[in-house]
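The numbers in the UniProt record's numbering rise by one with no breaks, and the one at position 203 of the sequence shown is 203.
Yeah, the Cβ is synthetic: ideal placement off N, Cα and C, and Gly gets one too.
A quick note: this is a predicted structure, and the numbers were derived from the prediction, not measured.
I have placed the structure first, in the form of structure tokens, so that the comments after it can refer back to it.
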Amino acid sequence: MSDLETYRRAAKVLKKAFHAGDAQALATLRAHVVTAEPKHSDFLHAIAREAGAESWPKLKHALELAGLTREEQMRRLMHASIFGHGWRIDQLLAQDPGLARGSMALATALYRRADVARMLEKDPTAATRVEGIRSPILTLAFSRYHAVAPAARDDMLAIAEMLLDRGADVNDSYQPEPNSPHRLSALYGAIGHSRNLPLARWLLEHGAATDDDESLYHSTEMGHAEGLRLLLGHGARVSGTNALPRAIDFKDAEMVRLLLEHGANPDEAVEDHPSGEPIDSIPALHHAARRWAGADVAALLLDHGADATRVWHGHTPYATARIYGNAEVAQFLASRGHATPLDPLEQALAACAEGRPAPRIDGSALSCADREIMAQVVLEKDRLYHLRALVEAGLDINAPDYMGMTPLHFAVWGGLPEQTAFLLTRNPDLDHVNKYGGDTFGTLIHGADNRTDTAERDHIACADLLFAAGLRPTPVQLRGTGYEPLARHLEDRIAELS
């Protein structure tokens with residue numbers, strides 16, 4: 001029996017003795033837990049505290065780490081650094097403070113300036129040597145450690161200078177997938193992955209190319225316009241990047257204005273991305289209508305030449321606004337003389353959007369874009385009534401979008417418990433796997449780890465709904481959860497079920 005199993009058994013023994021009224025068991029639990037009706041996780045917590053650990057998840061983590069090789073622990077430390085999981089970094093280094101010693105990759109990812117200088121002094125070629133899948137300049141760019149230790153900014157930039165002085169290429173890139181022609185650049189790492197503006201600025205000032213087919217698009221995802229403004233100021237090409245529709249996704253009129261002023265064509269059709277990912281080449285005005293952007297965004301698009309009469313997948317921009325329930329854009333287009341009659345299908349979809357009774361909708365009559373409407377609607381927190389109406393009208397609850405994401409996947413990814421609860425009452429496919437390989441729990445975890453508004457969402461409540469539906473996260477998913485509140489909660493729930 002492993003140590004972990006020993007502790008689990010001790011928790012069960014403590015629980016049984018507590019409920020039998022044993023005075024010692026009562027004293028042990030009350031020394032660490034104050035609750036009238038203790039759950040199984042409370043007994044695990046008490047056992048962990050008795051063992052000298054801060055909590056059951058931390059005891060479990062320490063025991064798991066003890067069973068790993070040093071190389072496996074180093075891989076976990078690199079993963080935590082690249083994804084900015086500060087609490088996991090702390091756990092790993094608390095277990096072995098010297099874990100990063102001797103690794104150029106880890107010293108770079110953790111901004112250990114003195115260690116990097118020492119290794120480069122001994123071997124200057126280490127500045128360009130690939131360790132794992134990335135060279136040091138790429139590891140620096142992709143590390144999210146700046147979010148964990150913002151005070152280490154000067155060390156980060158000093159490391160960048162040291163690497164450059166010894167031959168590092170600011171335009172270095174790597175293949176995210178074996179045998180793929182698509183590559184991810186250092187600039188993309190700083191802008192699109194780690195959202196590290198100081199390092200992105202340094203890369204640009206030292207000659208990084210802006211046109212890498214990734215950085216401009218992902219600069220719109222930072223929660224502000226500074227990354228976009230930085231790239232445009234260094235001459236980034238807008239055409240062919242699909243950055244304009246992505247800015248519209250965030251309803252951000254400032255980013256839309258910047259892109260239009262730098263040559264974005266609101267009626268541009270973009271080919272699929274070099275990575276192989278499909279690009280939805282929807283005209284920008286239609287996209288503003290279906291993403292619930294405001295009239296300010298629609299006005300900018302019209303003023304920069306958007307065609308208000310263009311038909312996309314059978315709909316004009318006005319009809320698109322009506323079938324998605326974007327009343328503000330619909331009214332604005334009507335005020336500019338761009339209202340168009342709705343056909344019977346558009347009338348039915350508009351009724352759903354407005355919360356009115358709608359006739360049964362024949363799914364075979366829907367365009368591929370219309371079949372994805374629930375995947376769009378589910379992410380809007382205030383449109384649960386719209387989602388219900390579409391389901392009542394007969395739309396497929398399991399219809400995936402072009403990424404293979406179903407409405408349920410979007411609901412849990414978005415941390416939306418009301419939408420998740422509703423969809424679970426309609427017998428969704430709980431075992432669906434999207435095109436990225438994510439199942440329902442994995443998609444929830446990805447959302448919690450990567451959304452910029454996670455603190456405003458409730459992924460924990462969504463996780464509890466999935467537990468109630470019989471789903472469980474895999475051990476790999478548990479180990480990879482970076483959002484600490486969710487990671488702790490999942491550990492507790494699994495402990496209760498053990």
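Spatial distance of His459 from His489 (CA atoms): Taking the straight line from one Cα to the other gives about 10 Å.
The alpha helix (DSSP H) enclosing Phe18, as first and last residue numbers: Run containing Phe18: Asp3 to His19, per the alpha helix (DSSP H) assignment.
Ala80 to Ile89 span [Cα, whole Å]: Their backbone Cα atoms lie some 6 Å apart in a straight line.
Beta-carbon separation (whole angstroms), Ile445 vs Thr481, contact threshold 8 Å: Going by Cβ atoms, the distance from Ile445 to Thr481 rounds to 5 Å, so yes, they are a contact pair.
Ser55 (DSSP reduced to helix, strand or coil): Coil, per DSSP.
Paired residues, beta bridge with Ser185 - DSSP: Under DSSP, Ser185 forms a beta bridge with Ser173.
Ala358 vs Ala369 beta-carbon contact at 9 Å: No Cβ-Cβ contact shorter than 9 Å links Ala358 with Ala369.
Through-space distance from Leu342 to Pro317, alpha-carbon basis: Roughly 11 Å separates the two Cα atoms.
Residue environment, Ala264, which counts as buried when at least 16 other CB atoms sit within 10 Å: Under the 10 Å beta carbon count, Ala264 is surrounded by 16 or more other beta carbons and is classified as buried.
Where Pro432 falls: helix, strand or coil (DSSP): Note on residue identity: the sequence assigns His, not Pro, to residue 432. Of the three classes helix, strand and coil, the one that applies to His432 here is coil, per DSSP.
Reduced DSSP secondary structure (H/G/I, E/B, other) of His315: Correct three-state label for His315: strand.
Segment limits, alpha helix (DSSP H) that includes Leu199: Boundaries of the alpha helix (DSSP H) harbouring Leu199: Leu197 to Glu205, taken from the DSSP string.
Alpha-carbon to alpha-carbon, Pro124 and Trp312: The straight-line gap separating the alpha-carbon atoms of Trp312 and Pro124 is approximately 56 Å.
Beta-carbon spacing of Leu203, Val238 below 9 Å: At a Cβ-Cβ threshold of 9 Å, Leu203 and Val238 do not count as neighbours.
Three-way DSSP call (helix, strand, coil) for Arg134 in this model: Strand at Arg134.
Through-space distance from Leu285 to Asn398, alpha-carbon basis: Going from the Cα of Asn398 to the Cα of Leu285 covers about 28 Å.
Contact check, Thr406 vs Ala375, beta carbons under 9 Å: Yes, Cβ-Cβ distance for Thr406 and Ala375 is below 9 Å.
Bounding residues of the alpha helix (DSSP H) (the contiguous stretch that carries Gly368): What sits at residue 368 in the sequence shown is Cys, not Gly. Counting along the chain, Cys368 falls outside any alpha helix (DSSP H), and DSSP gives it neither H nor E.
Exposure label - Asn179; buried when at least 16 CB within 10 Å: Exposed, since its Cβ has fewer than 16 Cβ neighbours within 10 Å.
Residues near Gly442 in its chain [Cβ-Cβ closer than 6 Å; skip 5 each side]: Only Gln477 meet the Cβ criterion.
Contact set for Gly227: own chain, Cβ-Cβ below 7 Å, skip 5 residues either direction: Apart from the 5 residues on each side of it in sequence, Gly227 sits with its Cβ closer than 7 Å to the Cβ of Ile191, Leu197, Ala200 and Ser219 in its chain, given in chain order.
Neighbour-count burial assignment, Thr360, 16 or more Cβ in a 10 Å radius: For the sequence presented, residue 360 should be read as Arg rather than Thr. Exposed is the call here.
Which listed residue (Lys16, Arg383 and Arg322) has its alpha carbon closest to that of Leu416: Ranked by Cα distance from Leu416, the first of Lys16, Arg383 and Arg322 is Arg383.
Min CB distance Ala295 to chain C below 9 Å: The structure shown contains no chain C; it holds only a single protein chain.
Environment of Gly305 [buried if 16+ CB atoms lie within 10 Å]: Looking at its Cβ environment, which holds fewer than 16 other Cβ atoms inside 10 Å, Gly305 is exposed.
Val130 to Ala461 span [Cα, whole Å]: Distance between the alpha carbons of Val130 and Ala461: 42 Å.
Residue environment, His45, which counts as buried when at least 16 other CB atoms sit within 10 Å: Its Cβ being crowded by 16 or more others within 10 Å, His45 is buried.
Span of the alpha helix (DSSP H) around Leu99: Here Leu99 belongs to no alpha helix (DSSP H), and DSSP marks it neither H nor E.
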